[in-house]
Amino acid sequence: MAQTANLLATEPMQTLQSAQVEQSFRQLPVALLANLANGLLLTFLLWDVTDRLTLLLWLVALVVVTAARSVLLRSYRRTPDRATNTRRWELHLQLGACSAGVVWGSAGLFLFVPASLPHQVFLAFVLGGMVAGAIPLLSVLGHAYACFAIPVVTPIAVQMLAVGDRVHIVMGLMILVFGLAMLAASAQLRRYFRESVSFRLQLSSAIEEGKTLQHLLGVDALTGIANRRFFQSILEKEWRRSKRDGTILSLITADIDHFKAYNDCYGHPAGDTCLTDIAKAMEEVVKRPGDITARIGGEEFAFLLPDTPLKDAVQLGELIRQRVLSLDLQHAVPAGQVTVSLGVASSNEDGIDSPRDLLSAADRALYQAKRHGRNRLATTESPD
């Protein structure tokens, strides 16, 4: 039982991971541009107040890491089956986040200007902005945000605390509090994202289950064509449409002749096969868009024909009868072959004022065909 539950949970979990990775890659281009822009601004501001070689080495490291992440982004976009390697993409994203975090964190160590409080504040401001800006990009990916934020926040906070005076100690503590707050916000955003994706998956699953149930409710389980429930609902709708548009709605009912005798002679499995073969043959004939073929009883079928006058319905009914004959299904009673009888009625005939009247008229014509020897078609206008 536990193994089955695990199997059922696998696909939603993979979908969730794929959504997390896709969200991060969608945010990555903006994050890479922000990395370069902030790096260049920081280099420009500190150019005259810190060791230039150290500053250039730091900038080169930032450019290399950003370029590597850009290559990763391009590779992701060009991979058609990326959803099948979600874990690999996630690991690469986390590695890129950790690398960027180390580079930005090193700025707090090597680019800290002890003699200039304004430059220290600006450096802290830039690093804080990077930490805050990374939340939309990295929060959805497990520990990726923590891997980026902790290396960024810790060195600058330690530097502030190491100076030792009241202002720097307060600033260092504020940076630590800010970092903890960002970690908490990241965890909350990740939880909201997972809940959102899970809700969408559940909603999608419910919609698909509803469609499947609706399909099953409208399809005959044995033959695969429409069942009586679906037929009745469509009959009501088409009747209203025909009256609104002034068109003719025709209906054919058909019954397999001597089907009880067929079941008694060959058995119910053979009878089921016979029904399935006949239903398939009928459906092949009634193939105009909007026409409905349905099984409305044990061996009884109906064909709903919108915008079809009686004479055209009669022609189609005859084609159905001939198609069943062409199956050449053997039947010992009475003529050696399975046949069908059909009755046809149209909505513009006298006395037909409702869908129920139309169905009753077609059934009366069907029974008239039965009385006149079966394997034939009758209409409400046929001589009795």
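My numbering puts the last residue of the sequence shown at 387; the count rises by one with no breaks. C-beta: ideal position from N, C-alpha, C; glycine also. Everything numeric in this text was worked out from a predicted model, so none of it was measured.
In whole angstroms, give me the CA-to-CA distance for residue i and residue j.
i: residue 6; j: residue 369; result: Summary for residue 6: the model assigns pLDDT 36, below 50, so the residue's position carries little reliability; its value from the coordinates is reported in the next sentence. Going by the C-alpha atoms only, they are around 55 Å apart.
i: residue 71; j: residue 24; result: 17 Å
i: residue 341; j: residue 232; result: 27 Å
i: residue 240; j: residue 355; result: 16 Å
i: residue 182; j: residue 84; result: 37 Å
i: residue 367; j: residue 272; result: 30 Å
i: residue 61; j: residue 51; result: 15 Å
i: residue 329; j: residue 286; result: 14 Å
i: residue 305; j: residue 234; result: 8 Å
i: residue 372; j: residue 209; result: 47 Å
i: residue 185; j: residue 147; result: 13 Å
i: residue 279; j: residue 225; result: 7 Å
i: residue 191; j: residue 119; result: 37 Å
i: residue 163; j: residue 179; result: 10 Å
i: residue 159; j: residue 39; result: 20 Å
i: residue 323; j: residue 243; result: 27 Å
i: residue 9; j: residue 267; result: Residue placement at residue 9 is poorly supported in this model, since its pLDDT is 41, which falls under 50; the coordinates are not used for a value here.
i: residue 331; j: residue 230; result: 25 Å
i: residue 49; j: residue 168; result: 23 Å
i: residue 198; j: residue 80; result: 26 Å
i: residue 113; j: residue 106; result: 10 Å
i: residue 339; j: residue 321; result: 20 Å
i: residue 358; j: residue 343; result: 24 Å
i: residue 189; j: residue 238; result: 56 Å
i: residue 194; j: residue 135; result: 17 Å
i: residue 1; j: residue 91; result: Lying outside 4 to 387, the shown extent of the chain, residue 1 is not represented and no answer is given.
i: residue 22; j: residue 104; result: 23 Å
i: residue 132; j: residue 205; result: 36 Å
i: residue 223; j: residue 100; result: 56 Å
i: residue 78; j: residue 33; result: 17 Å
i: residue 157; j: residue 54; result: 22 Å
i: residue 377; j: residue 290; result: 25 Å
i: residue 137; j: residue 171; result: 25 Å
i: residue 362; j: residue 269; result: 31 Å
i: residue 245; j: residue 308; result: 11 Å
i: residue 13; j: residue 121; result: At residue 13, the pLDDT of 42 sits below 50, so the modelled position is not reliable; the number obtained from the coordinates is stated separately. So the two alpha carbons sit approximately 53 Å from each other.
i: residue 277; j: residue 364; result: 27 Å
i: residue 111; j: residue 207; result: 47 Å
i: residue 149; j: residue 108; result: 13 Å
i: residue 11; j: residue 201; result: Low confidence applies to residue 11: its pLDDT is 33, below 50, so where it sits in the model is not reliable, and the reading given next is rough at best. Those two C-alpha atoms are separated by around 14 Å.
i: residue 166; j: residue 37; result: 30 Å
i: residue 388; j: residue 115; result: Residue coverage of the chain in this structure runs from 4 to 387, which leaves residue 388 outside it and unanswerable.
i: residue 301; j: residue 236; result: 19 Å
What span of residues does the alpha helix (DSSP H) with residue i cover, start to end?
i: residue 62; result: 55 to 81
i: residue 342; result: Where residue 342 is concerned, there is no enclosing alpha helix (DSSP H), given that its DSSP letter is neither H nor E.
i: residue 102; result: 89 to 113
i: residue 363; result: 358 to 374
i: residue 117; result: From DSSP, residue 117 is part of no alpha helix (DSSP H); its letter is neither H nor E.
i: residue 1; result: What is shown of the chain runs 4 to 387, which leaves residue 1 out entirely.
Cβ of residue i versus every heavy atom of the ligand MG: is any distance shorter than 7 Å?
i: residue 240; result: For the ligand MG, the structure offers nothing, since it holds no ligand at all.
Go to residue i, then tell me how far its beta strand (DSSP E) extends in each direction, as first and last residue.
i: residue 381; result: 380 to 382
Just confirm the distance between the C-beta atoms of residue i and residue j, as a whole number of angstroms; I'd bet it's less than 8 Å.
i: residue 35; j: residue 73; result: 6 Å
i: residue 284; j: residue 326; result: 5 Å
i: residue 282; j: residue 228; result: 5 Å
i: residue 261; j: residue 334; result: 7 Å
i: residue 303; j: residue 258; result: 5 Å
i: residue 20; j: residue 89; result: 5 Å
i: residue 56; j: residue 42; result: Contact flag wrong, Cβ pair sits at about 16 Å.
i: residue 46; j: residue 31; result: The pair is not a contact, with the Cβ atoms about 22 Å apart (cut-off 8 Å).
i: residue 68; j: residue 102; result: 5 Å
i: residue 256; j: residue 345; result: 7 Å
Pairing CB atoms from the stretch 311 to 318 with CB atoms from the stretch 217 to 232, are three or more of them under 8 Å? no
With a floor of 3 residues, list each beta strand (DSSP E) that falls wholly inside the stretch 247 to 330, ordered by position along the chain. 253 to 259, 295 to 298, 303 to 308
Mind the definition here: the stretch 291 to 299 touches the stretch 373 to 382 only if three or more C-beta pairs lie below 8 Å; say whether that holds. no
Determine, using beta-carbon pairs with one atom in the stretch 139 to 154 and one in the stretch 119 to 130, whether at least three such pairs fall under 8 Å. no
Do the stretch 134 to 152 and the stretch 88 to 98 meet, that is, are 3 or more Cβ pairs less than 8 Å apart? yes
Sequence ranges, alpha helix (DSSP H) only - wholly within the stretch 150 to 230, length at least 4: 169 to 221
Below 8 Å, can you find three or more Cβ-Cβ pairs linking the stretch 345 to 354 to the stretch 244 to 258? yes
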